[in-house]
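Colleague:
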Amino acid sequence: MSVTDWIGQTSREVRIRELRSGAPGCAAVVRRTYQAGADELWSAVTSPERIAQWFLPLSGDLRAGGTFQLEGNAGGEILACDPPHRLRLTWTFGGAPENEVTLTLTPAGHGRTTLELEHAGPGEGDGVPPLVLAVGVGWDPALVGLGQYLSGDHPDRTWWFEPAQAREFTLLSVTAWAAALDLAKVAAPEVVAATAEQTLMFYAPE
90 MSVTDWIGQT SREVRIRELR SGAPGCAAVV RRTYQAGADE LWSAVTSPER IAQWFLPLSG
150 DLRAGGTFQL EGNAGGEILA CDPPHRLRLT WTFGGAPENE VTLTLTPAGH GRTTLELEHA
210 GPGEGDGVPP LVLAVGVGWD PALVGLGQYL SGDHPDRTWW FEPAQAREFT LLSVTAWAAA
270 LDLAKVAAPE VVAATAEQTL MFYAPE
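Read in order, the letters of the sequence shown correspond to residues 90 to 295 in this note's numbering.
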C-alpha cells in the first residue's frame with residue numbers, strides 16, 4: 090500500500106467546541122474504518138499489551154477515574170470508559186495545557202468498525218490551526234500502524250526513518266489537515282498556510 094493510500098483512507102474534520110473546563114476549544118477529528126469487529130478494535134486500542142505493538146508502551150491504573158501514561162509521551166486521566174463504544178481521556182504532555190481525547194467506535198458492517206478519534210484543546214480563531222495541525226499530523230502515522238497491526242502485520246515503522254518517504258507522508262498529512270481547516274473556515278487562509286509550513290518543517294525538516 091502506498092503512502093497516498095494511507096492518507097486517503099482517513100477522513101479529517103475540524104470542530105469548534107467548548108472544553109470541559111468551559112474554555113473555548115477546537116478539535117482535530119480523524120475517522121478510519123478497520124477490518125475488525127468492535128470488540129477486537131476496542132481491545133487493540135485499550136489493552137496495554139496490544140497498544141505497545143502499534144503505538145507506545147502504556148502503564149497506569151487503567152479504569153474510569155484512573156490514570157494512564159504513554160512511555161515518553163502523554164499521560165492523563167481516564168474520564169469515561171464504555172466498552173466497546175467510547176473512551177474519554179484527558180491528555181497532558183510536557184507543560185502544555187490539558188487536552189481531551191475521545192475514541193468512538195461504530196459498527197460499519199461486514200465485520201468492519203469505524204474509529205473516530207477526537208483530539209481537542211484550547212484555541213479559537215487564528216489559534217485553531219496550530220493545535221489542529223500539530224495533533225492531526227501526529228495521529229496520522231499512529232492510525233496507519235493500528236491498521237497494519239489489525240491486518241496481522243507487525244507495524245512497519247522503518248519507513249518513518251527513510252527521509253524521502255517520511256517527508257512525503259508528512260507533506261500529504263499536512264496538506265490534508267490544511268484542507269480540513271480551510272473547509273471549516275475557522276482562520277484566515279494565509280494563517281492556515283503559514284502554520285502548515287511550520288508544521289511540515291517541525292515534523293519533517295529538510
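By construction, the Cβ of each residue, glycine as well, lies at the ideal position given by its N, Cα and C atoms.
Since this is a predicted model, take the numbers as computed values, not measurements.
Do the CB positions of D36 and V134 come within less than 7 Å of each other?
Modeller: This structure cannot settle anything about residue 36, because the visible part of the chain is limited to 90 through 295.
Colleague: Roughly how many angstroms lie between the CA atoms of P252 and A125, to the nearest whole one?
Modeller: 32 Å
Colleague: Could you tell me if P278 is buried or exposed, where buried requires 16 or more neighbouring beta carbons within 10 angstroms of its beta carbon?
Modeller: exposed
Colleague: Would you decide whether F291 is buried or exposed? Buried here means 16 or more other CB atoms lie within 10 Å of its CB.
Modeller: With fewer than 16 Cβ atoms within 10 Å of its Cβ, F291 is classed as exposed.
Colleague: Do L220 and G212 have their C-beta atoms within less than 7 Å of each other?
Modeller: yes
Colleague: Bridge partners for D171 per DSSP, in chain order?
Modeller: R175, per the DSSP bridge assignment.
Colleague: Per DSSP, N188 forms a beta bridge with which residues?
Modeller: W180
Colleague: Which residues share a DSSP beta bridge with Q98?
Modeller: Looking at the DSSP output, Q98 bridges to nothing.
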